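Okay, structure first, notes after.
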Amino acid sequence: MSTFEHVVCAYDGTENSKDALKLAINVSKQLSSTLSVVHVLQEKKRSAYRSADNIQVIPIGGYGTDGLLNSPTTGYVHDNVEQENVDITENTAIQLTSEARQILENNNSAADIKLLEGDASEAIVFFAEEHKADLIVMGSRDISGLKKLLYGSVSEKVSKHSNIPVLIAK
């Protein structure tokens with residue numbers, strides 16, 4: 001029989017992931033396991049957030065303050081829509097982290113909470129393997145039809161690509 005010393009729970013704020021977190025808490029308590037909770041930021045939005053720190057907004061016409069820039073130049077101007085996505089992503093990550101902490105506190109449990117980036121299924125599997133987890137717990141999302149056929153669900157992809165057991169809470 002396998003021992004489960006480290007449990008990883010994928011959390012995205014949906015009801016199914018909340019159920020999965022509660023299940024992961026119970027499993028980790030019963031088995032005296034370490035618990036890690038992970039949330040994956042979408043790669044596209046996260047990369048926009050990363051670049052936002054290094055952006056120099058060049059004024060229209062190319063003139064900066066005190067005449068430091070005196071000719072029109074082409075530069076990277078941060079698009080407001082992209083900035084909104086960045087803000088939404090950052091705020092969502094903060095909110096989800098707070099929700100997860102609240103669920104942990106309500107269940108008298110402690111866990112490391114980590115934000116990952118990239119493709120959700122790849123990031124979850126990589127994190128679990130990198131941190132020598134013995135079990136991944138996650139919720140299932142009910143998707144159907146063409147979307148499921150084309151993309152599949154994250155839980156299906158994780159269970160397919162993971163070398164460790166995956167427990168899907170329903």
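Counting from 1, position 49 in the sequence shown corresponds to residue 49 in UniProt numbering; the numbering is continuous, with no gaps. Virtual Cβ for every residue (Gly too), placed ideally from N, Cα, C. Predicted, not measured: the structure shown is a model, and the values here were computed from it.
Give the straight-line distance between the Cα atoms of Q42 and A111, rounded to the nearest whole angstrom.
-> Against the sequence shown, residue 42 aligns to sequence position 42. Against the sequence shown, residue 111 aligns to sequence position 111. Each residue's Cα considered, the two are about 22 Å apart.
N26 to S98, Cα distance in whole Å?
-> Here the question's residue 26 lines up with position 26 in the sequence shown. Here the question's residue 98 lines up with position 98 in the sequence shown. Whole-angstrom Cα-Cα distance: 20 Å.
Whole-angstrom Cβ separation of N16 and R141, contact assumed at under 8 Å?
-> Numbered from 1 along the sequence shown, position 16 holds the residue referred to as residue 16. Numbered from 1 along the sequence shown, position 141 holds the residue referred to as residue 141. Indeed they touch by this definition, with Cβ atoms about 6 Å apart.
Top-ranked residue by Cα proximity to N106, from K18, E156, E117 and L116 | Here residue 106 refers to the residue found at position 106 when the sequence shown is read from its first residue. The candidate whose alpha carbon is nearest that of N106 is K18.
Using three-state DSSP, classify K114 as helix, strand or coil.
-> On the sequence shown, position 114 is the one that residue 114 refers to. Strand, per DSSP.
Burial state of S32, where buried means 16 or more other Cβ atoms lie within 10 Å | Walking along the sequence shown from the start, residue 32 turns up at place 32. Exposed: under 16 other Cβ atoms inside 10 Å.
Contact set for T14: own chain, Cβ-Cβ below 7 Å, skip 5 residues either direction | The count along the sequence shown starts at 1 and reaches residue 14 at position 14. Answer for T14: G139 and R141, listed in chain order.
What are the boundary residues of the beta strand (DSSP E) that includes L31?
-> The residue you call residue 31 lines up with position 31 of the sequence shown. Premise fails: L31 is in no beta strand (DSSP E) and is neither H nor E.
Taking the C-alpha atoms as reference points, what is the distance between H39 and E130?
-> Numbered from its first residue, the sequence shown carries residue 39 at position 39. Numbered from its first residue, the sequence shown carries residue 130 at position 130. Near 16 Å, if we compare the C-alpha coordinates of E130 and H39.
From T92 to S155, what distance separates their C-alpha atoms?
-> For the purposes of this step, residue 92 is taken as the residue at position 92 of the sequence shown. For the purposes of this step, residue 155 is taken as the residue at position 155 of the sequence shown. The C-alpha of S155 is placed about 21 Å away from the C-alpha of T92.
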